[in-house]
Amino acid sequence: MNSSDARIDAPPQPPRIIPRAEHTVSRSHISPNALRVLYRLRDGGFQAFLVGGCVRDLLLGIEPKDFDVATDALPEQVKRLFRNCRLVGRRFRLAHVFFGPEIIEVATFRASSAPAQDEEPLEEEEAEEAANGEQEPQAELIDQGGPVTESHAARFEVEHAAREAQIDTDTERMFDVTGRILRDNAYGSIDDDVWRRDFTANALYYNIADFSIWDYVGGAEDIAARRLRLIGDPETRYREDPVRMLRAARFEAKLGFELDPASAAPIESLRSLLGGVPPARLFDEVLKLFLTGHGARSLPVLRRRGLLGELLPNVEAYLAAHPGSLVEQLLLKGLDNTDARVSAGRSVTPTFLFALLLYGPIAALIESMPPSRWHEMSAILDACDQAVRDAQRHIGIPKRFALGLREMFALQPRLEHPRGRRALRLLGHPRFRAGYDLLLLRAQFGLASAERAQWWTDLQAASEEEQGRMADALAGGSERAGSPKGRRRRGGRRRAPSGT
Ligand code: ATP
Ligand code: MG
């Protein structure tokens, strides 16, 4: 595939303009900061629109996650209008306007494109009056940034693809041999900008000049029909940016939309292209799939589309080999709990997410060892390391999360078999909370002693004095649940880590 094949064949056509009286997007639901940005651009003589997911969500009556602005002002012109603004993006510049913790992203209209594959957040220019502690939007999801390692295989593929790439000098767009966009630098008008969007539902523009919505691609109709439809030829669009396959699954899960058959059809034959996407980007997408409030729904969608096997083949292999298993139930329940935390505004962590996802592969690795090793710490740690290494071949899990996961699993036997007053020290362990949550979940499915889990629940609610008494009672031999003696008894059947 070369550049000219991959371009969307889009005859210029006027948008359908939906006047304010005929749609439900009200300024009272738009972030006041986004409105400030829109008005300032308008008053500066520029076009200014809200675009993408926020317009879609406002039409659906959902509170948007963030507000993105599109304008004909160039990034430098945007910067001149806002003191609290910083330009980001190495290859394609965007303006971030800061209001305390809220960032409004302002993008200049761009000719048809996909987002840069391996774009890193960067600080081209410091905000003059940016708020303290500001982060790139992605960083909110993944705690603090930190280096992410790409797997050698994927890096090789990316480099190989780059060598084979062809440059389309007319438009400054660069594609690789599979049709994937590697670089895109051209500014355009709103008529161009619309064609770089992925789904029709994500391609509506809310015009601050008269509060109308501009619809070039039938997005309003598709939203009303709860239909997810790619703009342009689906195969071409997936080849340009294979991550769109994951985005399709994400929006199916998040919005409950139905993926249009023509947009669904090519996924089966193209999904392996995800192997060429930088692992750091896939990691980000996994977080968006599982840590933004609809993780329990993302899992079945990913599996139905054959995409989980591209992201986490070891997880897919485990689930396929053990349908309806306790581990699958534990995973779904854990994802449900995570979704509930997100909707309650509580924090969630990739460490816990990966512990859930990799629970099955880790259990299977332990069970492949001789039963005499099943309860050894070294077996647990070896299995964690192996499962993480397998996952790392596809998605770049930053080291600190991998280490956190290892600690969570290492805590399990210590929580199951607490030893006297030493057990109290575990309460101050940095992974105690995550380890305890995992223990509770395991206990719920009979994978750990419910009595012991309750003991830890009670311990946390107890006064210091009572805690001491509870620990002493353990040491005095009144311990029943998960007794180490019972565990080490010869001849008795050992419980497999997966409960099988
Ligand atoms: P969310 O509710 O998860 O934020 P969103 O639709 O706003 O969903 P973003 O990733 O925030 O998704 O992207 C904003 C907009 O940018 C999208 O609505 C879409 O128009 C465009 N976009 C983002 N990623 C892509 C992509 N990979 N290919 C084409 N267009 C994209
Ligand atoms: Mg968004």
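For the sequence shown, our numbering begins at 64 and goes up steadily by one.
Glycine included, C-beta positions come from ideal geometry on N, C-alpha and C.
Contact annotation: Leu419 and Tyr269 have beta-carbon atoms that are not nearer than 9 Å.
When the Cα atoms are used, Ala272 and Asp347 turn out to be separated by approximately 35 Å. Per the Cβ contact rule, the stretch 463-475 is in contact with the stretch 432-444 (3 or more Cβ pairs under 8 Å). Just so you know, the alpha carbons of Ala287 and Pro78 end up roughly 18 Å apart. Distance between Leu293 and Arg259, taken at the CA atoms: about 11 Å. Positions of the alpha helix (DSSP H) runs, each at least 4 residues long and wholly inside the stretch 280-347, are given as 282-287, 297-303, 306-318, 324-327, 330-333 in order along the chain.
Put simply, of Arg334, Tyr381, Arg404 the residue whose alpha carbon is nearest the alpha carbon of Pro424 is Tyr381. Distances taken from the Cβ of Asp256 to the heavy atoms of ligand 2 include none shorter than 8 Å.
The closest heavy atom of ligand 2 lies 8 Å or more from the beta carbon of Lys462. By the criterion of at least three beta-carbon pairs nearer than 8 Å, the stretch 348-360 is in contact with the stretch 316-328. A Cβ-Cβ separation of about 15 Å leaves Gly282 out of contact with Ala311 under the 8 Å criterion. Distances from the CB of Asp521 to the heavy atoms of ligand 2 are all 8 Å or more.
Going by C-alpha positions, Pro413 is about 22 Å away from Arg307. Look at Asp239 here: in three-state DSSP terms it is coil, with no helix or strand label. Nearest in C-alpha terms to Pro82, of all of Asp256, Val411, Ile276, is Ile276. DSSP lists Ile80, Tyr268 as the beta-bridge partner residues of Trp277. Burial state of Arg367 is exposed, judged by a 10 Å Cβ sphere holding fewer than 16 other Cβ atoms. Counted as a single uninterrupted DSSP element, the stretch harbouring Ile458 is not any beta strand (DSSP E), since DSSP gives it neither H nor E. Of the heavy atoms belonging to ligand 2, none sits nearer than 8 Å to the Cβ of Cys447. CA-to-CA, the gap between Leu389 and Arg532 works out to about 35 Å.
Around the beta carbon of Ser435, fewer than 16 other beta carbons sit within 10 angstroms, so the residue counts as exposed. Looking at the DSSP output, Ala170 sits in a beta bridge with Ala133. When DSSP states are grouped into helix, strand and coil, Val160 belongs to the strand group. Three or more Cβ pairs closer than 8 Å define a contact, and the stretch 103-116 meets that threshold against the stretch 136-143. When beta bridges are read from the DSSP output, Arg149 appears opposite His159. For a cut-off of 8 Å, the C-beta gap from Gln530 to Leu489 is around 11 Å, too long to register as a contact. Between ligand 2 and Asp131, a heavy atom-to-CB distance of less than 8 Å is present. Taking C-alpha positions only, Asp255 is separated from Asp402 by approximately 37 Å. DSSP places Val257 within a helical segment (H, G or I) once states are collapsed to three. Contact between Glu321 and Leu291 holds: CB atoms are separated by about 7 Å, below the 8 Å threshold. With a beta-carbon spacing of about 19 Å, Gly562 and Gly498 fall beyond the 8 Å limit used to define contacts. Of the residues Asp521, Thr520, Glu85, Arg463, the one whose Cα lies closest to the Cα of Glu284 is Glu85. In this structure, Glu373 is the residue among Glu373, Gln76, Glu391 with its C-alpha nearest to the C-alpha of Pro342.
Taking 8 Å as the upper bound for CB-CB distance, Ser94 and Phe130 are in contact here, some 5 Å apart. When DSSP reads this structure, Glu439 sits in no beta bridge, so it has no partner.
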